[in-house]
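Q: Residue numbers for the sequence shown follow our numbering, beginning at 13 and rising by one.
Glycine residues also receive a C-beta, built at the ideal position from the N, C-alpha and C atoms.
Pasting in a structure now, in structure tokens, and then I'll have a few things to ask.
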Amino acid sequence: MENEKAKPELANQAVDAIEKVVGTFPGNRRAHARGNYYEGVFTPNGQAALLTDAPHLQNQAVKATIRFSNSSPNPNHTDAHSPVKGMAVKFHLPDGEETDLIAVTIPLFFAKKPEAFVEILEFVKSAKDGFPNLKELATIAMKYPESKAGLQMIKEMRSPASYTMARYFSIHAYYFVNENGKRQAIKYQWEPDAGLSMLEKDELAKLPPDFLTEDMEERLKRGPASFNLNIQIGKENAPTDDPTVVWPEDSQIITVGKLSITGKLDSQNEAIRFDPTNVTDGIECSEDPILNFRHSAYAVSYDRRTHNQ
Numbered sequence: 013m014e015n016e017k018a019k020p021e022l023a024n025q026a027v028d029a030i031e032k033v034v035g036t037f038p039g040n041r042r043a044h045a046r047g048n049y050y051e052g053v054f055t056p057n058g059q060a061a062l063l064t065d066a067p068h069l070q071n072q073a074v075k076a077t078i079r080f081s082n083s084s085p086n087p088n089h090t091d092a093h094s095p096v097k098g099m100a101v102k103f104h105l106p107d108g109e110e111t112d113l114i115a116v117t118i119p120l121f122f123a124k125k126p127e128a129f130v131e132i133l134e135f136v137k138s139a140k141d142g143f144p145n146l147k148e149l150a151t152i153a154m155k156y157p158e159s160k161a162g163l164q165m166i167k168e169m170r171s172p173a174s175y176t177m178a179r180y181f182s183i184h185a186y187y188f189v190n191e192n193g194k195r196q197a198i199k200y201q202w203e204p205d206a207g208l209s210m211l212e213k214d215e216l217a218k219l220p221p222d223f224l225t226e227d228m229e230e231r232l233k234r235g236p237a238s239f240n241l242n243i244q245i246g247k248e249n250a251p252t253d254d255p256t257v258v259w260p261e262d263s264q265i266i267t268v269g270k271l272s273i274t275g276k277l278d279s280q281n282e283a284i285r286f287d288p289t290n291v292t293d294g295i296e297c298s299e300d301p302i303l304n305f306r307h308s309a310y311a312v313s314y315d316r317r318t319h320n321q
């Protein structure tokens, strides 16, 4: 784990590196800049109750605020321009507290330590469609071989046909803790009830810049859009500190609840802050250095955008 005093400095370096590659867009998030907010209800099914005391995973439905987004730091990028999508959910707990779950349409990351993340960004002098050129990519892969799988997956990603037709992954591991103090490593997945559908480049070329927003508006006119919340159970030796590694496909998957998205929120309030380390009783962050670093990096991004920087 990084020295506590070094975190703010490294977090500033990370955000500075992002801005150097893609530019600065005052008042916007430094990643996932373009997005929309929705309201919904999360209803647990009780299947997680033996694993965790988390209040939203017991037997009481809770309200939720959802933000779907493009991953690009550039708010002017079209939906087609940024194939990796984000789904951030803020659960409003019965006691007035909140807890967050942030997920993306890719199951792994391209760096396993914050220092590597910053250095990889510093390798990227320019980016076409937000991606390094081949020479820069080769340099990164040689120095950080663990990054190869994540970068290649990003390069090959296709945009979903709808925000509601993609699977979203937490990337990081967490621990569920039950009333007896027993800890179980898990990863989250959002599974859409509408099924999965990805678009080819020629299909994307025919669509309007904000086709995903338009699609959501049309879908919600017909009724709620819904996702199952699944947890992947970590086996005994499953790595909990390395987001560049996916867990085995034969890991047990348990559905622990359903999210029903009921409508769009008019407010695009950028003061709303999602934080993957904002967990509640019964849930703990894993040892993953990138997960814990995101708290500091998100704080820097939040401070800059709320000061219109």
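Tell me which residues share the same chain as L133 and place their Cβ nearer than 8 Å to its Cβ, disregarding the 5 neighbours each side in the sequence.
A: These residues qualify, in order along the chain: A26, A29, I30, K32, V33.
Q: Thinking C-alpha only, which one of S171, T256, F181 is nearest E215?
A: Measuring from the Cα of E215, the nearest candidate turns out to be S171.
Q: Measure the alpha-carbon distance for L224 versus A45 and round it to whole angstroms.
A: Using only the alpha carbons, I get a separation of about 15 Å.
Q: Within the same chain, show all residues whose beta-carbon is closer than 7 Å to that of P288, passing over the 5 residues directly before and after it, in chain order.
A: Within the same chain, P288 has close Cβ partners D112, I114, H184, L303, R306.
Q: Sort out for me which residues DSSP pairs A115 with in a bridge.
A: Partner(s): M99.
Q: Roughly how many whole angstroms lie between the Cα atoms of Q70 and L211?
A: Roughly 37 Å between the two C-alpha positions.
Q: Can you tell me whether T318 is buried or exposed, with buried defined as 16 or more other CB within 10 angstroms of its CB?
A: So T318 counts as exposed.
Q: Per DSSP, which one or two residues make a beta bridge with N242?
A: Per DSSP, Q201, T267.
Q: Assign L62 to buried or exposed, taking buried as 16 or more other Cβ atoms, counted over all protein chains shown, within 10 Å of its Cβ.
A: Looking at its Cβ environment, which holds fewer than 16 other Cβ atoms inside 10 Å, L62 is exposed.
Q: Can you look up F135 in the DSSP assignment and give me helix, strand or coil?
A: Three-state DSSP puts F135 in a helix.
Q: Should D107 be labelled buried (16 or more other beta-carbon atoms within 10 Å of its own) or exposed?
A: Burial call: exposed.
Q: Using DSSP with H/G/I as helix, E/B as strand and the rest coil, what is K125?
A: Here K125 sits in coil by DSSP.
Q: When the Cα of V116 is compared with those of I166, A73, F135, E110, which residue comes out closest?
A: Closest option to V116, Cα to Cα, is I166.
Q: Can you tell me whether R42 is buried or exposed, with buried defined as 16 or more other CB within 10 angstroms of its CB?
A: Buried, since its Cβ has 16 or more Cβ neighbours within 10 Å.
Q: If you reduce the DSSP assignment to three classes, tell me which class V257 lands in.
A: Three-state result, V257: coil.
Q: Cutting at 8 Å between CB atoms, please list the residues of its own chain near H104, excluding the five before and the five after it.
A: These residues qualify, in order along the chain: V74, K75, A76, T77, E110.
Q: Going by C-alpha distance, which of I273, D253, P204 is nearest K102?
A: Nearest C-alpha to K102: I273.
Q: Three Cβ pairs or more, each shorter than 8 Å: is that satisfied between the segment 179 to 197 and the segment 250 to 266?
A: Because the criterion of three Cβ pairs below 8 Å is met, the segment 179 to 197 and the segment 250 to 266 touch.
Q: Spell out a yes or no on whether the segment 237 to 251 and the segment 188 to 205 are touching, meaning 3 or more CB-CB pairs, one atom from each, closer than 8 Å.
A: These segments touch.
Q: What residue range is occupied by the uninterrupted beta strand (DSSP E) comprising P301?
A: Here P301 belongs to no beta strand (DSSP E); instead the alpha helix (DSSP H) covers 301 to 318.
Q: Among all the DSSP beta bridges, which residues are the ones paired with R195?
A: R195 is bridged to V189.
Q: State the start and end residues of the unbroken beta strand (DSSP E) segment that holds F80.
A: Residues 74 to 82.
Q: Take the Cβ of K218 as the centre, count every other Cβ of all protein chains shown within 10 Å, and call the residue buried at 16 or more, exposed below.
A: Exposed, because fewer than 16 other Cβ atoms sit within 10 Å of the Cβ of K218.
Q: Look up E248 in the DSSP assignment and say whether it is helix, strand or coil.
A: Reduced to three states, the DSSP call for E248 is coil.
Q: Within the continuous beta strand (DSSP E) that includes F54, where are the two ends?
A: First-last of the beta strand (DSSP E) with F54: 47 to 56.
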